[in-house]
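Chemist:
2 protein chains.
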Amino acid sequence: MAPRTVTKSLEFEMTDVVSDLETLVGYNMKRAYVAIQKDFRAALGEGGLSPRTFSALSLVVAHPNISQSDLARMLGIERSGLVAIIDDLEARKFLSRTLVPGDRRVQALVPTKAGIAAYGATLVTVQAHEDRLLADLSTSEKDTLMQLLMKIRLTDRES
Amino acid sequence: MAPRTVTKSLEFEMTDVVSDLETLVGYNMKRAYVAIQKDFRAALGEGGLSPRTFSALSLVVAHPNISQSDLARMLGIERSGLVAIIDDLEARKFLSRTLVPGDRRVQALVPTKAGIAAYGATLVTVQAHEDRLLADLSTSEKDTLMQLLMKIRLTDRES
DNA sequence: TATTGTTATACTCTATAACTATA
DNA sequence: TATAGTTATAGAGTATAACAATA
Numbered sequence: 001m002a003p004r005t006v007t008k009s010l011e012f013e014m015t016d017v018v019s020d021l022e023t024l025v026g027y028n029m030k031r032a033y034v035a036i037q038k039d040f041r042a043a044l045g046e047g048g049l050s051p052r053t054f055s056a057l058s059l060v061v062a063h064p065n066i067s068q069s070d071l072a073r074m075l076g077i078e079r080s081g082l083v084a085i086i087d088d089l090e091a092r093k094f095l096s097r098t099l100v101p102g103d104r105r106v107q108a109l110v111p112t113k114a115g116i117a118a119y120g121a122t123l124v125t126v127q128a129h130e131d132r133l134l135a136d137l138s139t140s141e142k143d144t145l146m147q148l149l150m151k152i153r154l155t156d157r158e159s
Numbered sequence: 001m002a003p004r005t006v007t008k009s010l011e012f013e014m015t016d017v018v019s020d021l022e023t024l025v026g027y028n029m030k031r032a033y034v035a036i037q038k039d040f041r042a043a044l045g046e047g048g049l050s051p052r053t054f055s056a057l058s059l060v061v062a063h064p065n066i067s068q069s070d071l072a073r074m075l076g077i078e079r080s081g082l083v084a085i086i087d088d089l090e091a092r093k094f095l096s097r098t099l100v101p102g103d104r105r106v107q108a109l110v111p112t113k114a115g116i117a118a119y120g121a122t123l124v125t126v127q128a129h130e131d132r133l134l135a136d137l138s139t140s141e142k143d144t145l146m147q148l149l150m151k152i153r154l155t156d157r158e159s
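Protein chains in written order, with this note's numbering: chain X, 1 to 159; chain F, 1 to 159.
#1: Give every residue of the same chain whose Cβ lies closer than 8 Å to the Cβ of residue 41(X), excluding the five residues on either side of it in the sequence, and list them in chain order.
#2: Which residue spans inside the segment 36–116 of chain X form an unbroken alpha helix (DSSP H) run of at least 4?
#3: Name, going along the chain, the residues of the segment 48–65 of chain X whose beta-carbon falls closer than 8 Å to a beta-carbon of chain F.
#4: Between residue 108(X) and residue 67(X), how many whole angstroms is the CB-CB distance? I'm expecting something under 8 Å.
#5: Could you tell me the distance, in whole angstroms, from the CA atom of residue 155(F) to the CA atom of residue 130(X)?
#6: Which residues in chain X have a C-beta closer than 7 Å to the C-beta of residue 94(F)? List them in chain order.
#7: Can you find a C-beta in chain X that's less than 7 Å from the C-beta of residue 35(F)?
#8: Evaluate contact between the segment 115–124 of chain X and the segment 60–74 of chain X, counting only Cβ atoms and requiring at least three cross-stretch pairs below 8 Å.
#9: Note down, in chain order, every chain F residue with its Cβ under 7 Å from the Cβ of residue 149(X).
#10: Looking only at its chain, what residues have a beta carbon closer than 8 Å to the beta carbon of residue 126(F), apart from the 5 residues adjacent to it on each side?
#11: Please classify residue 19(X): does DSSP put it in a helix, a strand, or coil?
#12: Reducing DSSP to helix, strand and coil, say where residue 140(X) ends up.
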C-alpha cells in the first residue's frame, strides 16, 4: 500500500497525477463539470434553482411563449423530462402554461414578472459564482475555453 | 410562437444562439460533457465499460494493490459508490479483491492479466474516440483545453 | 398519421447513514 | 475511537414507451 500523506496539499499531489486518465479530455471534463455544478448549487443555496431549472427559465425569459417541445429541443432533453422542470417553475410562480389560440395542443410558456425578476437576480448570482470559480483564468483563457467547449458541444448534433 | 425550420442545419441555428446561457461556462461545460460521454459510450458499445468503470480500472492498473478507500478518494466519489464499480470489474475478471497481510480490514485491488490487457485495448479505443470527437481542435487547442479544465477541477479541492 | 403534453417506469450515478469486522 | 468495506435507501437526472387530445 502506498503511504498516505497528511496535509491537504501533499495529499493533492499524491492523488492527482496518477494515470493515463490525466491525459484524457473526457475525464478532466467530468471533474471540471462536477466542480462547477457543485459550486453552482452552493452559490444558489438550499431552495435555489438547480442548474437545469435555471437553464429552462433563462430560455423561457429569452423566448416568451415558447412551447415545451421547442424548449426541450433547445435544452437537448426529452419532452417528458421537461415536465417536472416546468412544474417546478410554475410552482414558484416564475412562469405559467398558457393556452395558445389556433393550436390547442400547445401550452405556451410565459414568464411572470416575478419570474423575470428572479431570473435577473439569479443570473447575477450565477455570474458571480463563475467569476469566483474561474478567478485563476484570464479573460482570454475564458474566451478560449468557451470557444472550445462550443466546438465540442456542436459535434453532438451530428448524430 | 417562433416558426420552426425544416432542415437540420437551420434548426440548429434557430435553437442554439439563444440566451445568456451561451455566455455561461457551466452551461457550455455541461453540453460538451454530455456530448463526450455519449460518444464514449457509443465508441465502447453495448457491454463496454462505462466511463466511471474505465476510470477505476485505469487507476487500479496504474496503482496495483490500491485500497478501495484510496481509489474512491482519487476518483472523488464515496467509498459506498465504489462497491458496485469494483463488483463489475471483478465480475469481468479484470481485477480481484485480495486480502492484505497486516491489516485485515483492507482488500487490495489487484488487476488480472486479462484486466491489464483489456485496459490497454480499451484505452486505444477511448483515445480514438477522443481524437475523432476533437478532430476540429488543433493540438495546441487540445493542450489549452486540458490545462484550463485542470485549473477548474482543482478549485474543487478547496472545499 | 403526426404532434403536444403527460404519465408510468426504469436505469445510472451519486450521497448519507448505519452496520460489521477489524485496528 | 477510528477506519475499510459493505448494505440499504433515497434523490437527482435522464430515457423509452404509451396514452389522450388535437392537428
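Note that CB positions come from ideal geometry on N, CA and C, so glycine has one too.
Modeler: Inspection of the coordinates gives the following:
#1: Walking along the first sequence from the start, residue 41(X) turns up at place 41. Once the five neighbours on either side are set aside, the close Cβ partners of residue 41(X) are 48, 50 and 51.
#2: Runs of the alpha helix (DSSP H) inside the segment 36–116 of chain X: 51–62, 68–75 and 79–91.
#3: For the segment 48–65 of chain X, which is checked against every Cβ of chain F, the residues closer than 8 Å are 51, 55, 58, 59, 61, 62, 63 and 65.
#4: Translated into the one-based positions of the first sequence, residue 108(X) becomes position 108. Translated into the one-based positions of the first sequence, residue 67(X) becomes position 67. The Cβ separation is near 6 Å, so the contact holds.
#5: In the second sequence, residue 155(F) corresponds to position 155, counting from 1. In the first sequence, residue 130(X) corresponds to position 130, counting from 1. Whole-angstrom Cα-Cα distance: 12 Å.
#6: Taking the second sequence and counting its residues from 1, the one referred to as residue 94(F) is at position 94. Within chain X, no residue comes near residue 94(F); the closest Cβ sits about 15 Å away, beyond 7 Å.
#7: Residue mapping note: residue 35(F) aligns to position 35 of the second sequence, counting from 1. Answer yes: the Cβ-Cβ gap between residue 35(F) and chain X drops below 7 Å somewhere.
#8: Yes: the two stretches touch, three or more of their Cβ pairs being nearer than 8 Å.
#9: On the first sequence, position 149 is the one that residue 149(X) refers to. Per Cβ cutoff of 7 Å: 28, 29 and 32.
#10: Within the second sequence, numbered from 1, the residue matching residue 126(F) stands at position 126. Hits under 8 Å: 40, 43, 44 and 54.
#11: Numbered from 1 along the first sequence, position 19 holds the residue referred to as residue 19(X). Of the three classes helix, strand and coil, the one that applies to residue 19(X) here is coil, per DSSP.
#12: Translated into the one-based positions of the first sequence, residue 140(X) becomes position 140. The answer is helix: DSSP assigns residue 140(X) an H, G or I state.
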